[in-house]
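**Q**
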Amino acid sequence: MLRTLNVSSRRLLAALLTATGLAVMTMAPAYAQPETTPPAAEAPATEAPAAPAEAPAEAAPAPATADAAAAPAAAEAKPEAPALPPHAVALALNTGDTAWMLTSTALVLMMTIPGLALFYGGMVRKKNILATAAQSFAITALVTVLWSVIGYSLAFTNGGDSNDYIGGFSRVMLGGMGMDVAHGLAASIPESVFMTFQMTFAIITPALITGAFADRMKFSAMLLFMTFWLLLVYAPIAHWVWAGGFLGQLGVLDFAGGTVVHLNAGIAGLVCAIILGKRVGYGTENMSPHNLLYALIGASMLWVGWFGFNAGSAVAANALAGIALANTQIASAAAALSWMAAEWLFQKKPSVLGLLSGAVAGLVAITPAAGFVDPSGALYIGLIAGVVCFAGAVWLKKALGYDDSLDAFGVHGIGGATGAILTGVFALSSINSLGKGAIDGKPEQIWIQIQGLAIAGIYCAVVTAVILLVLHYTIGLRVTKDEEVEGLDLTQHGERIH
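This is the structure in structure tokens:
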């Protein structure tokens, strides 16, 4: 290449190479590691007198030695890590904890799709089964995107001066969620795993609401409603209870979502049922479930998935996860039996739907208590919840005259409230040092739990009503009477199941 250059060009290139070499030799000592090579200024003092200025060639070895030592040091140097936001900590990875949380995340997602989709889909009439299942599937996709863009940041980061009420924006678009970062609530698992686990909770909560307005809400209105509800109701209340907000500071105990998930879904469902009104033919037509086998399969998936929901909320593979898992199984079984017994006593026959509803009621009620009570407490909670939720789903609905299609309020609202209050009764510090209930010498915990329920419930009801009314007066909430009679499968989706 040099042959193709003219003389002046070659001289210029040689000058540049010489200047570059001198610059490297001059800068090299700055990158040398002090513990292996002394600075260039000190090396001559210990080895030989300084060379005269007229003999630069003899001074070359010292910088050359420093340059050789500096090379690996420069290669090993890493840029300083950016400062972590207040909610985050350096990851102290535990592979066992991480494996359990990956499993729990999959279990909780299975609760919505296909669990809830089948459970709700089996309980509606044949003409609405696809529309009902599609709501759960669409909500899964919608909430995944919303949670990734802004929902997680609002719920689980530090909001600075507003942190008592809402999170901040440090994780908008999940920015800054590196491979070596954890959330302060779960330091032994990557923050990405914690975020996705909490995403599955954010998915199932609005999906539960759909049971209250089954058969009559427009699909487009449902999507818009769920978008606003997630950001304006779920994210703030999750922050209040779990991420340093004022309800957590008050001392409200909610291990896995009795208030955050089930009370909120139930209250929102009740408001939806009231504002949308009753289904066409309610009370005069047969509205029996289309396929109870689908409902049974869905309820079974909910039961199994709930182990990830409750035991996973320990965010570690430890003894607390173990007791939460045992309590979940015991409470669900007890509630299934007590609901069945109440139904047998008052309605003369135990129904399959009642057995399924009782099991779900027990799962709901143990959710806030799973990591705070012992197995005997779980047994009592399950037995009580089965009877109370039976009364709510059968008698209260009839007495108040609202049409909660699939008993979202009767099971989740009443079950969540029952479990939250009973957590204040049965919580034991020997199980979890963060929780102490009435039987452990802290009767005021019951009042704290009631305050939490009241604040979250009132806020949820008001904001839910505002969202619904805005949509009602803009795009409309409900399908037409003719569309409802024909069925949402055809009128909303243009399909039939068979």
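Every letter in the sequence shown is one number past the one before it in this note's numbering, and letter 25, counting from 1, is 28.
Each residue gets a CB set at the ideal place from its N, CA and C atoms; glycine is no exception.
Bear in mind the structure is a predicted one, so any value in this text is a computation, not a measurement.
Hey, which unbroken runs of the beta strand (DSSP E) at 3 residues or more fall wholly within the stretch 108 to 170?
**A** For the stretch 108 to 170, not a single whole beta strand (DSSP E) run of length 3 or above is found.
**Q** What does the Cβ neighbour count give for ARG499, buried or exposed, with the cut at 16 atoms within 10 Å?
**A** exposed
**Q** Using the Cβ count rule (16 or more neighbours within 10 Å means buried), how would you classify SER107?
**A** Under the 10 Å beta carbon count, SER107 is surrounded by 16 or more other beta carbons and is classified as buried.
**Q** Drop a sphere of 10 angstroms on the beta-carbon of LEU348, count the other beta-carbons inside from all chains shown, and report buried for 16 or more, exposed for fewer.
**A** With fewer than 16 other Cβ atoms within 10 Å, it is exposed.
**Q** Identify which residue in ALA430, LEU425, PHE249, TRP232 has its Cα closest to the Cα of PHE375.
**A** Ranked by Cα distance from PHE375, the options ALA430, LEU425, PHE249, TRP232 are led by ALA430.
**Q** With a threshold of 6 Å on Cβ separation, who are the neighbours of TYR462 within its own chain once the five nearest residues in sequence on each side are excluded?
**A** none
**Q** Report the partner residues of MET220 according to the DSSP bridge assignment.
**A** ARG481
**Q** How would you call SER223, buried or exposed, if buried means at least 16 neighbouring beta carbons within 10 angstroms?
**A** exposed
**Q** Out of curiosity, what's the CA-to-CA distance linking GLY247 and ALA93?
**A** The straight-line gap from Cα to Cα measures roughly 19 Å.
**Q** Kindly indicate which residue of ALA362, GLY361, ILE453, ALA271 has the alpha-carbon position closest to the one of ASP407.
**A** Looking only at ALA362, GLY361, ILE453, ALA271, the smallest Cα-Cα distance to ASP407 is reached by ALA271.
**Q** Does the beta carbon of PHE258 come closer than 8 Å to any beta carbon on chain C?
**A** You won't find chain C in this structure, because it holds only one protein chain.
**Q** Evaluate contact between the stretch 355 to 365 and the stretch 290 to 308, counting only Cβ atoms and requiring at least three cross-stretch pairs below 8 Å.
**A** Flag = yes, the stretch 355 to 365 and the stretch 290 to 308 touch.
**Q** So VAL318 is in the alpha helix (DSSP H); what residue range does that whole segment cover?
**A** Run containing VAL318: none; DSSP gives neither H nor E here.
**Q** Smallest Cα separation from ASP443: which of MET126, HIS501, GLY125, ASP377?
**A** ASP377
**Q** Rounded to a whole number of angstroms, what is the C-alpha to C-alpha distance between ALA336 and GLY385?
**A** 7 Å
**Q** Can you tell me which of LEU491, ARG481, LEU456 puts its alpha carbon nearest to the alpha carbon of VAL244?
**A** LEU456
**Q** For HIS186 versus PHE159, is the C-beta distance shorter than 8 Å?
**A** Their beta carbons are under 8 Å apart, which means HIS186 touches PHE159 by this criterion.
**Q** Is VAL3 helix, strand or coil when you go by DSSP?
**A** It is not possible to answer for residue 3, since the shown part of the chain is limited to 4 through 501.
**Q** Locate the alpha helix (DSSP H) running through HIS475, then write down its first and last residues.
**A** DSSP places HIS475 inside the alpha helix (DSSP H), whose first and last residues are 447 to 475.
**Q** So ASN313 packs on ALA259, CB below 8 Å; how close in whole Å?
**A** 5 Å
**Q** DSSP state of VAL363, grouped into three classes?
**A** DSSP places VAL363 in helix when its eight states are reduced to three.
**Q** The beta strand (DSSP E) that contains ALA381, what's its start and end?
**A** Counting along the chain, ALA381 falls outside any beta strand (DSSP E), though it belongs to the alpha helix (DSSP H) covering 378 to 394.
**Q** What first and last residue would you give for the beta strand (DSSP E) that runs through HIS186?
**A** Note, HIS186: beta strand (DSSP E), 184 to 186.
**Q** Could you compute how far the alpha carbon of ARG174 sits from the alpha carbon of MET180?
**A** 7 Å
**Q** Count the other CB atoms, across all protein chains shown, that sit within 10 Å of the CB of GLN332; report buried if there are 16 or more and exposed otherwise.
**A** buried
**Q** Would you grab the beta carbon distance between GLY311 and PRO371 for me? Rounded to a whole angstrom, and I think it's under 8 Å.
**A** Not really, about 16 Å apart at Cβ, beyond 8 Å.
**Q** Could you give the C-beta distance for ALA210 and GLY154, rounded to a whole number, given that I count them as a contact under 8 Å?
**A** About 15 Å; that fails the 8 Å criterion.
**Q** For ALA102, which residues in the same chain have their Cβ closer than 8 Å to its Cβ, ignoring the five residues on either side in sequence?
**A** ALA320
**Q** Let me know if LEU157 comes out buried or exposed under the rule of 16 or more other beta-carbons within 10 Å of its beta-carbon.
**A** buried
**Q** Would ILE449 and VAL428 qualify as a contact pair, given that the criterion is a beta-carbon distance under 8 Å?
**A** Yes, Cβ-Cβ distance for ILE449 and VAL428 is below 8 Å.
**Q** Confirm, please, whether the CB-CB distance from ALA241 to ASN131 is below 8 Å.
**A** no
**Q** Taking all protein chains shown into account, decide if THR262 is buried (16 or more other Cβ within 10 angstroms of its Cβ) or exposed.
**A** By the C-beta density criterion, THR262 is buried, having at least 16 other C-beta atoms within 10 angstroms.
**Q** Considering Cα atoms alone, identify which of ARG219, MET220, MET113, ILE212 is closest to VAL236.
**A** ILE212
**Q** Cutting at 7 Å between CB atoms, please list the residues of its own chain near ALA44, excluding the five before and the five after it.
**A** Confidence at ALA44 is low in this model, with a pLDDT of 36, below 50, so its placement is unreliable and the value that follows should be read with caution. Cβ within range, chain order: n/a, list empty.
**Q** Based on Cα-Cα distance, which residue from ASN435, LEU409, GLY418, GLY413 lies nearest to GLY125?
**A** LEU409
**Q** Select from ASP485, ALA345, ILE326 the residue whose C-alpha is nearest the C-alpha of PHE433.
**A** A small correction: the amino acid at residue 433 is Ser; Phe does not occupy that position in the sequence shown. The residue with the shortest Cα to Cα distance from SER433 is ILE326.
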